[in-house]
Each structure stands twice: as C-alpha cells, then as structure tokens.
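1 is the number of the first residue of the sequence shown in UniProt numbering; add one for each residue after it. Working notes, beginning with the structure itself.
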Amino acid sequence: MADESAWTASGVMPDLRHVEMRSVAMADGARLRVAVWPKPERGRGTALVLTGRAEFIEKYAETATALTARGFRVVALDWRNQGLSDRPLANRQIHHLSDFALLVDDLDSVYRQIVAPVAAETGGPLILLAHSMGGLVATLALARHAGDDPGRYAAVLLAAPMYAIHTAPLPRRLARALACLGLACGWGARYALWQGDYDPAEAVFRPDNRITADPRRFAAFHTPYVKRPEMRVGGVSFAWVAAALDAEDALGRGDLPLERVRTPVLLLSAPGDRVVRAELHRRVAARLGNAHLVEYPGAKHELLMECDAIRDRVWTDIDDFLDRTLDPVPGHKTLAPSGGSVVG
Numbered sequence: 001m002a003d004e005s006a007w008t009a010s011g012v013m014p015d016l017r018h019v020e021m022r023s024v025a026m027a028d029g030a031r032l033r034v035a036v037w038p039k040p041e042r043g044r045g046t047a048l049v050l051t052g053r054a055e056f057i058e059k060y061a062e063t064a065t066a067l068t069a070r071g072f073r074v075v076a077l078d079w080r081n082q083g084l085s086d087r088p089l090a091n092r093q094i095h096h097l098s099d100f101a102l103l104v105d106d107l108d109s110v111y112r113q114i115v116a117p118v119a120a121e122t123g124g125p126l127i128l129l130a131h132s133m134g135g136l137v138a139t140l141a142l143a144r145h146a147g148d149d150p151g152r153y154a155a156v157l158l159a160a161p162m163y164a165i166h167t168a169p170l171p172r173r174l175a176r177a178l179a180c181l182g183l184a185c186g187w188g189a190r191y192a193l194w195q196g197d198y199d200p201a202e203a204v205f206r207p208d209n210r211i212t213a214d215p216r217r218f219a220a221f222h223t224p225y226v227k228r229p230e231m232r233v234g235g236v237s238f239a240w241v242a243a244a245l246d247a248e249d250a251l252g253r254g255d256l257p258l259e260r261v262r263t264p265v266l267l268l269s270a271p272g273d274r275v276v277r278a279e280l281h282r283r284v285a286a287r288l289g290n291a292h293l294v295e296y297p298g299a300k301h302e303l304l305m306e307c308d309a310i311r312d313r314v315w316t317d318i319d320d321f322l323d324r325t326l327d328p329v330p331g332h333k334t335l336a337p338s339g340g341s342v343v344g
C-alpha cells in the first residue's frame, strides 16, 4: 500500500492518518483499497460510500466528515482500475471495464469481508451513499439482491447516479456503433475515440466546468492528480463505453427487477447535468419500489461537492430523509423545504 503521509503535504489534501487503509482481495486476485474511519463518539450506524468514475477515497474526506458528524462510521473504497486499487493494464490511466456486473461482484466481496463485520461491530443500521458511477453500481446491486438480501441497507442515497452517459460530440447510436467496432477489432482495452491520458491543464478551475461551481472542491479532485501522478485516471476504453451503454439499455428496457427493491432510496438529481443524462433519474425512481427523487435546478454534477448554497440544501434533504427512514416520527412524512424540487 502507498504511504499515506504524503497526503498531509498540502492544505488542500486531507489528513487521513486517522483512517485505517486495508487491502482486500477480489475473486480474481485483484486487490482493492478500502478505508475504514474510526467510530464516532455518538454512534448512529455505518455508512458505505461508493465513489464515481476516476475518483479516489481522499476526494470524499469532506463527505466522510459530514457523515461522521451525523454519527456514522464511514467505509469507502477505490474501485478497481482507479485510485490506489489494482490496475492491470500497461497504461494505468486507461479506465477499462468489460461489464459493470464485475463492480457489483467487487461490492459484494467488500461487503462480506469488510463492511458487514464493521457494521456489526459498530452497531446500528447500515446506509449506502453513492455518487455517479457508484450510483449505477449501487442500483445494480439493489436489483441483484432484491430477492435474497433485501434488507442489506437500511437506506440508500444516490447522488447523480450514472444511469446514462452523455456521448457528445457523438449521437448515442453512433457511439454504440463505434464501441462495437472497437470490440470487434480487438481494441476493447484501448482508449475509445477522443479519450486519452489525464491532462494537468484540466486542474485549472473554469466557471463553465461540468462538475462543480466551487473552486476549492474542484481542487479536491484535481490537486491529488497533479501531486500524485499514480492516482490519475484518463479516459475510458472501448469496452467501458459498451458496458455503460449496456447498463443504460438494461435500465431503459426494464430488464432489472427494480420494482422489487423495497429499500428506501433518496435519488438526488441535477436536471442540467452535463456528465450524466438526468432524464433517466425520473424513470428509474418511478420504477424503484420505495424511492424519492429530489432535483436541484442550477446544480452541476457533483451535488456533494457543489457550492455551499447547493450542498447545504442537499444535506438538509439527506438529513430529513434519514430522520424519516431511520428514526421515524409519527406524522413526519415530507422532506423539509431545502430549495430542491421534490418530484416524488
């Protein structure tokens, strides 16, 4: 495992020396990095945090602090092919994946080896908070276990889940055709068209960026990439594009038994999202058996790392949802007014 002390070198980088970093083996031998925060003084339960594409545990230090302040012991992981988990390709920056079911398998393995024992030791309910690609994996996992383990999580929070990707500048049909062509040519593990290694010029904050209006939180993602090149993830492979479109098709066609998912779900969405296509959020929320959708007009993709005016509204809605779900009060059935648009 890498030396974590380097993360304290800058005020932008979080000090995670109090966090236990573990290395966990998956079924195929790949090793994932998993972080386990200490128990909070006033414990309420455990929160499993699932990161988005190309992200890493350190980016969620502020989110972990917010959860800890609410009484949750936090567990987070680096997905395979990103962060400091294993990356098998010679070019470690290519974000490659052949099927998102593999990440559901990884999640199940981390749950068995780390999350379930930590939650049992901590006591209280286990909740799940997932962003973007992590939200897609969480939804696939909920569908997979709707019949055999429906009570695994007491509540699920999905922030801008990656149910459908923007394929611009290509139409979706052409992106699908090119992905299939790349696979047919044996290029599945190569960069897809217009994809490449991370460019440090991306670390310069611009107001028109797609992820957040907050410069400090923007830096929380890019500064580690600049200071620790081994953390970098570039674009996606042909196979990753095909797998993402396959997952979108499965959600759109109704292949997954989402109606059987009875876990309370809060789905947080930015209607103007330029990273994922937010229109699918409404369709999936309507099919989930126990979901509530809140939209934040004017917000960008990173709802948990947006400017304070938006982020505070997001946490108000999360708090109210968890209060209603984990600590129900008779007659308390509606979200507190945060400024978000309650859809269902």
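Don't be surprised by glycine CBs; every beta carbon is placed ideally from N, CA and C. Here the structure is a predicted model, which is why all the values come from computation and not from measurement.
**Prompt:** Does the Cβ of glutamate 121 have 16 or more other Cβ atoms within 10 Å, making it buried, or fewer, making it exposed?
**Reply:** exposed
**Message:** According to DSSP, simplified to helix, strand and coil, what is alanine 244?
**Reply:** helix
**Prompt:** In or out: proline 117 buried (at least 16 other Cβ within 10 Å) or exposed?
**Reply:** exposed
**Message:** By the three-class DSSP mapping on this structure, what secondary structure does glycine 182 have?
**Reply:** helix
**Prompt:** Can you tell me the Cα-Cα spacing of leucine 293 and threonine 65, whole angstroms?
**Reply:** 25 Å
**Asked** Relative to the alpha-carbon of arginine 232, which residue among Leu158, Arg17, Pro200 and Leu77 has its alpha-carbon at the smallest distance?
**Response** Pro200
**Message:** Helix, strand or coil for serine 23? Go by DSSP, reduced to three states.
**Reply:** strand
**With 16 other Cβ atoms within 10 Å as the buried cut-off, status of serine 10** = Caution is warranted here: a pLDDT of 44 is assigned to serine 10, below 50, making its placement in the model unreliable, and the coordinate value is therefore given only provisionally. Serine 10 comes out exposed.
**Message:** Quick test of your reading: valine 314 and leucine 268, contact by CB under 8 Å. State the CB separation rounded to the nearest angstrom.
**Reply:** 6 Å
**Message:** Let me make sure I understand the geometry here. Which of Ala247, Pro224, Ala243 and Asp148 has the alpha-carbon closest to that of glycine 188?
**Reply:** Ala243
**Request:** Look at the Cβ atom of alanine 155, then the Cβ atom of phenylalanine 321, and state whether they are nearer than 9 Å.
**Result:** yes
**Request:** For alanine 239, count neighbouring Cβ atoms within 10 angstroms of its own Cβ and tell me buried if that reaches 16, exposed if not.
**Result:** buried
**Cut-off 6 Å between Cβ atoms - residues of its own chain near lysine 59, not counting five sequence neighbours on either side** = Ala220 and Phe221
**Message:** What does the Cβ neighbour count give for glycine 134, buried or exposed, with the cut at 16 atoms within 10 Å?
**Reply:** buried
**Prompt:** Between lysine 39 and valine 261, what straight-line distance do the alpha-carbon atoms span, to the nearest angstrom?
**Reply:** 29 Å
**Prompt:** Would you call aspartate 208 buried or exposed, if buried means 16 or more other Cβ atoms sit within 10 Å of its Cβ?
**Reply:** exposed
**Request:** Check threonine 63 in the structure and name its three-state DSSP category.
**Result:** helix
**Asked** When burial is assigned at 16 or more other CB atoms within 10 Å of the CB, is tryptophan 194 buried or exposed?
**Response** exposed
**Message:** Helix, strand or coil, according to DSSP, for leucine 258 in the structure here?
**Reply:** helix
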